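Written below as structure tokens is the structure these notes are about.
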Amino acid sequence: MSEAEVLKLARLLGDAPGRFAYLNDVNPDDLRKFREQVTDVLFDADLHVLQRMAMATRVIPAPVLAKIGEKVFGPLLCARIAGLVDVSRGVDVAKRLTPKFLADVAVELDPRRASRIIADIPPATVAKVAAELVGREDWITVGRFVGHLPDGTVKACLAVIDDPALLEIAYVIDDKSRIDHVVGLLPPARLEGLAENADEALLENLVEHLSEANLAKLTRR
Numbered sequence: 000m001s002e003a004e005v006l007k008l009a010r011l012l013g014d015a016p017g018r019f020a021y022l023n024d025v026n027p028d029d030l031r032k033f034r035e036q037v038t039d040v041l042f043d044a045d046l047h048v049l050q051r052m053a054m055a056t057r058v059i060p061a062p063v064l065a066k067i068g069e070k071v072f073g074p075l076l077c078a079r080i081a082g083l084v085d086v087s088r089g090v091d092v093a094k095r096l097t098p099k100f101l102a103d104v105a106v107e108l109d110p111r112r113a114s115r116i117i118a119d120i121p122p123a124t125v126a127k128v129a130a131e132l133v134g135r136e137d138w139i140t141v142g143r144f145v146g147h148l149p150d151g152t153v154k155a156c157l158a159v160i161d162d163p164a165l166l167e168i169a170y171v172i173d174d175k176s177r178i179d180h181v182v183g184l185l186p187p188a189r190l191e192g193l194a195e196n197a198d199e200a201l202l203e204n205l206v207e208h209l210s211e212a213n214l215a216k217l218t219r220r
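Counted from 1, the sequence shown has number 131 at position 132 by numbering that gives the first Met the number 0; the numbering is strictly sequential.
Below, the structure is given as structure tokens:
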């Protein structure tokens with residue numbers, strides 16, 4: 000699974016995966032830890048300035064702040080500030096942003112820093128963002144957020160993610176321990192048919208992380 004981690008590291012550093020091919024033999028857990036360390040360095044740069052900006056936004060009404068976020072701040076700055084605002088405030092603003100802009104923010108966001116906000120955003124809103132990201136074939140971004148979503152939100156997202164996309168996301172998902180649980184949330188009929196016409200390598204990756212119960216359902220047909 001080092002290849003998936005190399006893809007995520009390349010995305011974070013804004014470079015082509017081929018530049019990091021020499022890392023394919025490195026332990027994937029070590030690569031993940033390194034990627035998280037790099038993320039921390041990037042997000043902690045100018046932290047004091049970002050904290051002051053987050054404090055300043057408290058006096059701005061949420062509808063106005065949402066417009067400022069989209070028109071002035073942009074997705075990168077919004078992603079940096081997201082983990083520094085109150086949860087209820089962050090959710091209120093997020094609900095007012097367009098799915099396209101929220102998807103842009105998600106690309107730049109470290110979900111570990113805004114986990115509580117992410118978990119409280121309405122499922123319908125998150126599903127629209129998921130649909131936007133799937134339309135872009137941005138499996139990496141979707142995979143980074145799965146471990147931070149409650150079951151109700153995951154189910155809403157599964158409704159807009161088709162089977163081929165689901166297998167792609169499972170390949171790059173950050174928290175592999177979530178794969179079996181998420182697959183278990185699929186309707187029985189869909190789970191039983193998941194293997195039909197599936198990419199063999201992606202299906203093998205999925206199977207590696209399934210419990211005996213879900214594996215039995217998957218291979219029932």
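For glycine and all other residues, C-beta sits at the position ideal for the given N, C-alpha and C. Owing to the predicted nature of the structure, the values given are computational and were not obtained by experimental measurement.
Would you kindly report the start and end of the unbroken alpha helix (DSSP H) that includes residue i?
i	result
residue 187	187-191
residue 79	73-81
residue 38	27-43
residue 176	First-last for residue 176: undefined, no H or E at that position.
residue 19	Careful: residue 19 lies outside any alpha helix (DSSP H) and carries neither H nor E.
residue 88	86-93
residue 134	122-134
residue 167	162-171
residue 143	138-144
residue 53	46-55
residue 158	Looking at the DSSP string, residue 158 is not in any alpha helix (DSSP H), and its letter there is neither H nor E.
For residue i, does the three-state DSSP call read helix, strand or coil?
i	result
residue 14	coil
residue 184	coil
residue 109	coil
residue 208	coil
residue 152	helix
residue 196	coil
residue 97	coil
residue 59	coil
Under the assumption that residue i contacts residue j (Cβ atoms under 8 Å), give the Cβ distance between them as a whole number of angstroms.
i	j	result
residue 167	residue 138	4 Å
residue 268	residue 131	This structure does not reach residue 268, given that the chain is present from 0 up to 220, and the question cannot be answered.
residue 158	residue 205	Contact doesn't hold; Cβ gap of about 19 Å is too wide.
residue 124	residue 84	Rounded, the Cβ-Cβ distance is 17 Å, inconsistent with contact.
residue 116	residue 148	Wrong, their Cβ atoms sit about 12 Å apart, outside the cutoff.
residue 7	residue 34	6 Å
residue 112	residue 42	7 Å
residue 184	residue 153	6 Å
residue 100	residue 62	About 14 Å separates the two Cβ atoms, so there is no contact after all.
residue 208	residue 162	The Cβ separation is near 16 Å, so there is no contact.
residue 173	residue 143	5 Å
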